[in-house]
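Notes follow the structure.
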Amino acid sequence: MDFLDLIHDQDLNVCCLALSALNSAARTKPHLIRDHLLTLLLSLYVEMKVNPDLISTVQMGPWTHKVIGSLNVHKTTSKTLYTLLDICITQLDLLIFLSHLLAAISDPSDKIKVIGRMLLMWLSASLTTSIALSQHLGELTPPLELTMRHH
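Sequence positions in the sequence shown follow the UniProt record's numbering and run 1 to 151.
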C-alpha cells in the first residue's frame, strides 16, 4: 500500500504509473486491495476531479484550445474505477460513486465527459447497479440532455 501512495505524487507521470499498478493489482490480485478499498476509492475520487491549475490554453492559428495536463491521469483513474466496478461492485458505495460520476459527466471538457459516460454505460449494463442508477436519473439526466442538445 505504501507504493500506491504515489497516486498523490506531484509528477503526473508517477501518478499515472501508480494508478496503472493499482489497476493491474485489482485485475490480477484483487485480494491484495480488497481490505484497502475504501482508502483507494477516496484517492481515486480525488484524482477524478480536474485541477484547474493543470488546464492551459494553447493558441492554434486563429483558434484557442484548452489542454488538460492531467488527462492521462483521469483516463487511468477511470480505467481503474472500471476495473473496481467489475471486481468489487458489492463493496462500493454507489451513492458516493454516482456523485463523482455526476461531476465527470457535467465537466466542461468533452474528454472528461466521455470518461464519465463510459462508467455510466457500465453501471447501466449491470442489473445490481442499474437499480441504484435508476433512482438517480433525475440528477443524471440534465447533464446528458445538455450534451445532446449541444452536439
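Idealized CB from N, CA, C, for every residue including glycine.
How about residue i and residue j: do their beta carbons lie closer than 8 Å?
i, j, result
"L81", "K111", "no"
"T76", "R27", "no"
"residue 158", "H65", "Outside the displayed range of the chain (1 to 151) lies residue 158, so it cannot be described from this structure."
"T129", "L137", "no"
"S56", "V67", "yes"
"A132", "M48", "no"
"H36", "M1", "yes"
"K79", "N23", "yes"
"L140", "L102", "yes"
"D9", "A18", "yes"
"P52", "S106", "no"
"I89", "S126", "yes"
Going by the DSSP bridge assignment, what does residue i pair with across the sheet?
i, result
"Q59", "T64"
When burial is assigned at 16 or more other CB atoms within 10 Å of the CB, is residue i buried or exposed?
i, result
"I7", "buried"
**Report entry** Residue ranges of each alpha helix (DSSP H) within the UniProt domain "TATA-binding protein interacting (TIP20)" (32-149), 4 or longer
**Finding:** Runs of the alpha helix (DSSP H) inside the UniProt domain "TATA-binding protein interacting (TIP20)" (32-149): 37-48, 71-88, 94-105, 110-125, 127-134.
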